[in-house]
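To start, the structure itself, in structure tokens.
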Amino acid sequence: MKIPYLEYFGLVERPFGLTPDPHFYFETETHREAIAHLRFLLGQKEGFALIHGDVGLGKTTLSRIFLSSLDKDTYNTALILNPIMDEREFLMSILKELGLEARGVTRKELFDELQQFLLEEYRQGRETVLAIDEAQLLSNELFELIRILSNIETEKEKILRIILLGQPELVQKLKDPQVRYLAQRITVTYKLRPFSEREVGLYINYRLVKAGSKGLPTFKKNAVRRIFRASRGCPRLVNILSDRCVLALYGRSKESVDKQIVADVLEEEDIPFTSVDRGPFLTVTHRVVVLSLIGLVLILFAAFFANLIGYW
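Numbered by the working numbering, the letters in the sequence shown go through residues 97 to 408 in order.
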């Protein structure tokens, strides 16, 4: 489907899509720190890495960027994006990600096949990195299977590096007595942070340039500030809001997004707000209702105390 504003602004592709796309990867301080932690894991030769953060902070893109940066002659990589599956499906998915066609049928046959591959690759001087996205969705059975996979080792070291990426629920899940044994093997932990206001502005401009912008559209500083406050620095919400602002800009035949356009989009589209700590999502309408209720309560209290004073 053709996007109406692309030709108008001279763009070659949609700048604020929601699909994780390495082409639009924008590295911030928190991403650099996360990747540094993952590289530290590779040097440790043991343990797990845990990367966690709120929904929409770019964990999937980060995992793809990191895995693609590894030397193909030194590392085999596998990325599981949706771990809602049984043990057989999980093992088959890993084998497929490693470029293998599963020959086994049973769980044991598939496990033995993977183990044989890992050991042979290790003997050839290649290590294997397994990244599991949305890891908060893993079942207890898969957590146990991951523990067993992590036990594959030589006399000197473990040969499978495992990265768990997930939302804050994953941290809580790892405290469950049934899977706490796995948490004890985590040697690298990092929490992704949302963008700062400055980073939001740089991010918007970066994506516009990547999409082919020669200068249009532009976002004024007061618009960036409103987008930052509304999104709380969450990249996914920045994308949603920026995309709708550009569409509104096109509809008004203008070239620059200002704070009024952002405010109008927030009101018309009922864009959700979010907080860094995964507080409840509040739309503009909801906030107005909440503030109105608070005002009503204050008025009632004032009236009550006025009557009380009058009574005495």
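Glycine is no exception: its CB is placed at the ideal position from the N, C-alpha and C atoms.
- Beta-bridge partners assigned by DSSP to residue 174: 226.
- Secondary structure note for residue 145: its beta strand (DSSP E) is the uninterrupted segment 144-148.
- The straight-line gap separating the alpha-carbon atoms of residue 282 and residue 300 is approximately 35 Å.
- In this chain, residue 285 is not harboured by any alpha helix (DSSP H); it is covered by the beta strand (DSSP E) spanning 282-287.
- Sorting 185, 191, 170 and 150 by C-alpha distance to the C-alpha of residue 333 places 150 at the top.
- Residue 123 sits in coil when the DSSP states are folded into three classes, being neither helix nor strand.
- Secondary structure of residue 353 (DSSP, three-state): strand.
- Beta-carbon to beta-carbon, residue 225 and residue 257 are separated by about 5 Å, close enough to satisfy the 8 Å threshold.
- Between residue 353 and residue 319, the CB-CB gap stays under 8 Å.
- Boundaries for residue 180: no beta strand (DSSP E) harbours it, and the DSSP string shows neither H nor E there.
- Membership of residue 323 in the alpha helix (DSSP H) is indicated by the continuous run 317-327.
- Within the same chain, 148 come within 7 Å of residue 267 by CB-CB distance, once the 5 residues on both sides are set aside.
- In this structure, the beta-carbon distance from residue 126 to residue 289 falls below 8 Å.
- For residue 260, the enclosing beta strand (DSSP E) begins and ends at 256-262.
- Per DSSP, the continuous alpha helix (DSSP H) segment holding residue 159 begins and ends at 155-165.
- Counting every other CB atom within 10 Å of its CB across the protein chains shown gives residue 246 a total of 16 or more, marking it as buried.
- Residue 145 is positioned such that its CB atom lies closer than 8 Å to that of residue 259.
- About 5 Å separates the Cβ atoms of residue 111 and residue 303, confirming a contact at the 8 Å cut-off.
- Only buried fits residue 179, as 16 or more other CB atoms lie within 10 angstroms of its CB.
- Between residue 248 and residue 242, the CB-CB gap reaches or exceeds 8 Å.
- Residue pairing by DSSP places residue 249 opposite 254 in a beta bridge.
- The residue among 359, 306, 280 and 305 with its C-alpha nearest the C-alpha of residue 143 is 280.
- Exposed is the label assigned to residue 164, since fewer than 16 other Cβ atoms lie within 10 Å of its Cβ.
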